[in-house]
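Asks: Before I ask anything, let me first share the structure, which is written out below as structure tokens.
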Amino acid sequence: MSEIPGDLKFLKSHEWARVEGDGKITVGISDHAQGLLGDLVYVELPNVGDRVEAGTACAVVESVKAASDVYTPVTGKVVEVNSALSDKPETINEDAYGDGWIFVIEAEEPDQLNELLGPDDYAELLEEDDH
């Protein structure tokens with residue numbers, strides 16, 4: 001099991017959120033999630049400029065085994081997408097918390113981040129899932 005970075009917040013659906021300090025939040029899926037999915041073959045990115053509501057699906061990651069929605073942790077506007085994933089979706093498998101980020105959102109309500117799980121709570125959730 002890989003280390004869970006201490007600067008991230010998590011959804012129970014295994015997305016992570018990293019606050020960039022300028023009201024922007026980078027979103028990806030956890031290392032645990034990419035491990036469950038297996039080798040990713042396709043990523044459907046949201047469109048820059050899309051307004052997304054917290055908790056709604058706005059991207060899709062597909063592996064040889066399954067397709068999985070990616071939910072946004074906060075309400076806001078998509079300001080950047082990781083277009084490199086179109087050619088190399090496996091980047092998420094290789095570096096889920098780094099180069100494998102999926103999109104960046106400009107949060108309308110940054111307080112929504114307080115409702116997410118911290119790294120320790122997320123680790124506990126994964127342990128419960130394993131039992």
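Using the UniProt record's numbering, you'd call the opening residue of the sequence shown number 1 and step up by one each time. The beta carbon of each residue, even a glycine, is placed where N, CA and C say it ideally should be.
Could you tell me which whole beta strand (DSSP E) segments of length 3 or greater appear in the segment 25-81?
Replies: Taking only runs of at least 3 residues, the beta strand (DSSP E) segments lying wholly in the segment 25-81 are 40-44, 57-63, 67-71 and 76-81.
Asks: In three-state terms, what does DSSP make of M1?
Replies: Low per-residue confidence applies at M1: pLDDT is 49, beneath 50, and the placement is therefore not dependable enough to give any value.
Asks: Can you give me the Cβ contacts of Q34 inside the same chain, cut-off strictly under 6 Å, excluding the 5 residues immediately before and after it?
Replies: So the list reads I92, N93 and A96, once near-sequence residues are dropped.
Asks: Taking the DSSP output, what are the residues bridged to A16?
Replies: One detail in the question is off: residue 16 reads as Trp in this sequence, not Ala. Looking at the DSSP assignment, W16 forms a beta bridge with F10 and G28.
Asks: Roughly how many angstroms lie between the CA atoms of A57 and E124, to the nearest whole one?
Replies: In a straight line, the C-alpha of A57 is about 24 Å away from that of E124.
Asks: Sort out for me which residues DSSP pairs E106 with in a bridge.
Replies: K24 and K77.
Asks: Check whether the segment 105-116 and the segment 82-89 are in contact - that is, three or more C-beta pairs closer than 8 Å.
Replies: The segment 105-116 vs the segment 82-89: no contact.
Asks: Is it right to say D15 is buried, meaning 16 or more other beta carbons lie within 10 angstroms of its own, or is it exposed?
Replies: As written in the sequence, residue 15 is Glu, which differs from the Asp given in the question. The residue in question, E15, is buried, as its Cβ has 16 or more Cβ neighbours within 10 Å.
Asks: When the Cα atoms are used, what is the spatial distance from L45 to V70?
Replies: Those two C-alpha atoms are separated by around 9 Å.
Asks: Is the CB-CB distance between K24 and V74 below 8 Å?
Replies: No, these two residues do not count as a Cβ contact at 8 Å.
Asks: Could you tell me the alpha carbon to alpha carbon distance between K77 and E3, rounded to whole angstroms?
Replies: Using only the alpha carbons, I get a separation of about 30 Å.
Asks: Our contact map puts V43 next to A59 with C-beta atoms below 8 Å; I'd like the distance itself, whole angstroms only.
Replies: Correct: roughly 7 Å between the Cβ atoms.
Asks: Using alpha carbons as the reference points, say which of R51, L116 and V61 lies closest to G100.
Replies: Considering only alpha carbons, the answer is V61.
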